[in-house]
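Presented below is the structure to which this report refers.
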Amino acid sequence: MGKVSMGVTVVGAAAICAAGALIMRHRMRISNRCVTAADILKELEEKCATPVSKLRQISDAMTVEMHAGLASEGGSKLKMLISYVDNLPTGDEQGVFYALDLGGTNFRVLRVQLTGKSSIECQEFAEVTIPPPLMVGDSQALFDYIAAELAKFVADESEKFQLLAGRTRELGFTFSFPVMQLSIDSGTLIRWTKGFSIEEMVGKDVVQELAKAMKRQGVNMRVSALVNDTVGTLAGGRYSNKDVAVAVILGTGSNAAYVERAQAIPKWHGPHPKSGEMVINMEWGNFRSSHLPITEYDNSLDADSLNPGEQIFEKMISGMYLGEILRRVLLKMAEKAALFGDTVPPKLKTQFILRTPEMSAMHHDTTPDLKVVASKLKDVLEISDTSLSTRKIVVEVCNVMATRGARLAAAGILGILKKTGRDTVRDGEIPNTVIAMDGGLYEHYTEYRHCVEHTLNELLGDEVGKQVKLTHSNDGSGIGAALLAASHSQYA
Ligand code: GLC
């Protein structure tokens, strides 16, 4: 009897539970139906808003952090790394130099022939994709892979470029991660960013690692300059335009470098450079401030990332992450407001499946029925038969995320201009400032690029805005590294 009644009780409890769950599900469904994608979009727009007043607070915070990072090592989230570049190219550099550019999913090798007349005569490229396992494997495997490509590149060189016997090819090594430089041709990795994660490499001298790999592969090359891509871009930009004072990368990652007065760097205890200047690699990707418009999507992206708590600014503005933020918003709209029908499309749950180039293509869709959006949703996420109003919502989310990113990038640039006194009229004059820009996001995402330009003008006002120009410095980082190798050549 006891057993039976227990059985009954259990069944009864299960029935009650099932009924309860049903009621709960029903309630949830009712409440879910109350949330529309338009509601989620509206909330997103509010949370991502970047009015000028907010952008000014952000640029002020950037300036404050720049001061703190220059004052002492570890004084700020902004590392403000000393590059040991105290002289930018003059245009008089001569000879044949090489560059190796490593910083994203590809690396590039190039040869630059300098004629000493501010002209670069010849460049040849090899661009190689890094197999993803090497990005998270071990350092020897990564550097051996790179050195093997260098060996091939050199072996294929025509006789014209065979160097004099006994002479070593000189290389500018663009390594686009935070590095604590010990000199112009050495530096230890502080940490990885942008999806790389090879723990045993952290704290090691990246030039030594490359040199060991080149030796193993029989490549006779010497690294004469180790530079961040921002520093390379600054050097490459300055070669053709003397007004270039700042470089910004908006690509997979994001960062900026600029020319600082040596006297304004309290943490620099080395010899005072003759030029009185020093290029600073800000590592602005790691900037964070309570003024940043951070959303639940940013927080969850950060928590799931390889480097939680780090590179917060970068995660809001750069190419590696924009598509992923978009995916997270669309997933919420699918789950809470059935944006794509009653079931949540399974592919939408895969992290990083939606890349920024696809987001850009959808954002730029000018067809009346948003054909490009439809085809991207189908090809990438296997979502078919979307209505026009659904596709319009997707475009609007792209717009919100790209606009926020671009406006924040412009606020960052304003921070640098403020720090260097280039944001106002001083003594009746406004200095000409050219900002060398590079990176795939800036180059290919037209709406984003226009928004950066337009926002910077909005922030600076017409008078100062006229004196500040953004130029696209194509491949500047590699060319700049070769130029810096030239100015630090052992044969010079
Ligand atoms: C990341 C790296 C930084 C680099 C930037 C752009 O932020 O940490 O060194 O300059 O990406 O490539």
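Heads up, the sequence shown is in the UniProt record's numbering, so the first residue is 1 and it goes up one at a time. Glycine included, each C-beta is placed from N, C-alpha and C at the ideal position. If you're wondering where the values come from, they're calculated on a predicted model, not measured in any experiment.
Below 8 angstroms, is the gap between the Cβ of residue i and the nearest heavy atom of the ligand GTP?
| i | result |
| --- | --- |
| PHE177 | This structure simply doesn't include the ligand GTP; it includes the ligand GLC instead. |
Take residue i as the anchor and find which of the options has the nearest alpha-carbon.
| i | options | result |
| --- | --- | --- |
| ILE198 | ALA213, LEU306, ARG169 | LEU306 |
| ALA485 | GLU170, THR115, PHE107, LEU142 | GLU170 |
| VAL219 | GLN113, LEU226, GLY203, ALA151 | ALA151 |
| TRP268 | VAL344, LYS194, GLN181, LYS347 | GLN181 |
| THR193 | GLY104, ALA148, GLU296 | GLY104 |
| VAL344 | GLU396, CYS451, ILE435, LEU331 | LEU331 |
| ASN286 | THR115, VAL52, GLN263, ALA256 | ALA256 |
| ARG111 | LEU102, GLY172, LEU326, ASP86 | GLY172 |
| TYR297 | VAL35, LEU102, ILE40 | ILE40 |
| LEU250 | PRO89, SER176, SER59 | SER176 |
| PRO273 | ALA126, ILE82, ASP86, SER487 | ASP86 |
| ALA147 | GLY91, SER119, ARG222, LYS117 | ARG222 |
| LYS47 | VAL329, GLU463, VAL452 | VAL329 |
| LEU483 | VAL259, LYS54, ASP101, GLY91 | GLY91 |
| ALA141 | ILE416, MET214, ASP185 | MET214 |
| LYS451 | MET401, ALA436, TYR258 | With the sequence shown as reference, residue 451 is identified as Cys, and Lys is not the correct amino acid for it. Per the Cα distances, MET401. |
| ASN299 | VAL425, ILE325, SER487, SER318 | ILE325 |
Could you check whether the Cβ of residue i sits closer than 8 angstroms to any heavy atom belonging to the ligand GLC?
| i | result |
| --- | --- |
| GLN311 | yes |
| ASN228 | yes |
| GLU443 | no |
| THR420 | no |
| SER197 | no |
| LYS194 | yes |
| SER254 | yes |
| SER139 | no |
| GLY439 | yes |
| ILE249 | yes |
| SER224 | no |
| ASN281 | yes |
| SER119 | no |
| GLY172 | no |
| SER318 | yes |
| GLY104 | yes |
| GLY415 | no |
Residue i to residue j, Cα distance in whole Å?
| i | j | result |
| --- | --- | --- |
| VAL248 | LEU381 | 32 angstroms |
| ARG27 | ALA37 | Since pLDDT at ARG27 reaches only 40, below the 50 mark, its modelled position is unreliable, and the value read off the structure follows with that caveat. C-alpha separation (whole angstroms): 19 angstroms. |
| ALA410 | ARG216 | 45 angstroms |
| SER139 | GLU209 | 8 angstroms |
| GLY303 | GLY309 | Position check: residue 303 holds Ala in this sequence, whereas Gly was assumed. Cα to Cα, the separation comes out at about 7 angstroms. |
| HIS291 | GLY412 | 12 angstroms |
| GLY232 | THR50 | 31 angstroms |
| SER31 | ILE294 | The predicted model places SER31 with a pLDDT of 45, which falls under 50 and marks its position as unreliable, so this point remains unresolved. |
| ARG422 | GLU458 | 15 angstroms |
| ARG261 | LEU70 | 11 angstroms |
| ASP229 | HIS472 | 14 angstroms |
| GLN467 | GLY439 | 23 angstroms |
| ALA94 | ASN399 | Note that residue 94 corresponds to Gln in the displayed sequence, not to Ala. Cα-Cα distance, rounded: 46 angstroms. |
| VAL207 | ASP385 | 53 angstroms |
| THR433 | HIS363 | 31 angstroms |
| LEU226 | ALA264 | 23 angstroms |
| PHE313 | LYS79 | 14 angstroms |
| ALA126 | PHE153 | 7 angstroms |
| residue 497 | ASP475 | Because the chain spans 1 through 492 in this model, residue 497 falls outside it and cannot be assessed. |
| ASP427 | VAL246 | 22 angstroms |
| ASP156 | ASN106 | 20 angstroms |
| GLU283 | PRO89 | 22 angstroms |
| LYS371 | GLY203 | 49 angstroms |
| VAL52 | VAL279 | 29 angstroms |
| LEU388 | ASP369 | 6 angstroms |
| ILE120 | LEU114 | 5 angstroms |
| GLN57 | LYS418 | 12 angstroms |
| ARG449 | ARG167 | 43 angstroms |
| ALA68 | PRO266 | 10 angstroms |
| ILE82 | ILE130 | 28 angstroms |
| ILE393 | THR455 | 24 angstroms |
| ARG327 | GLN351 | 8 angstroms |
Taking the DSSP output, what are the residues bridged to residue i?
| i | result |
| --- | --- |
| PHE175 | LEU102 |
| LYS469 | VAL434 |
| TYR258 | VAL246, ILE280 |
| ASP205 | THR188 |
| LEU210 | LEU210 pairs with nothing; no bridge assigned. |
| ALA225 | GLY172 |
| GLU429 | ARG426 |
| ARG108 | ASP101, GLU127 |
Would you mind giving the Cβ-Cβ distance between residue i and residue j, rounded to the nearest angstrom? I have them listed as a contact below 8 angstroms.
| i | j | result |
| --- | --- | --- |
| GLU358 | GLY405 | Contact flag wrong, Cβ pair sits at about 16 angstroms. |
| THR356 | LEU441 | 7 angstroms |
| GLY195 | MET320 | 7 angstroms |
| ILE416 | GLU463 | No, ILE416 and GLU463 are not in contact; Cβ-Cβ is about 19 angstroms, not under 8 angstroms. |
| LEU44 | ARG407 | Actually they are not in contact, since the Cβ atoms of LEU44 and ARG407 sit about 15 angstroms apart, beyond 8 angstroms. |
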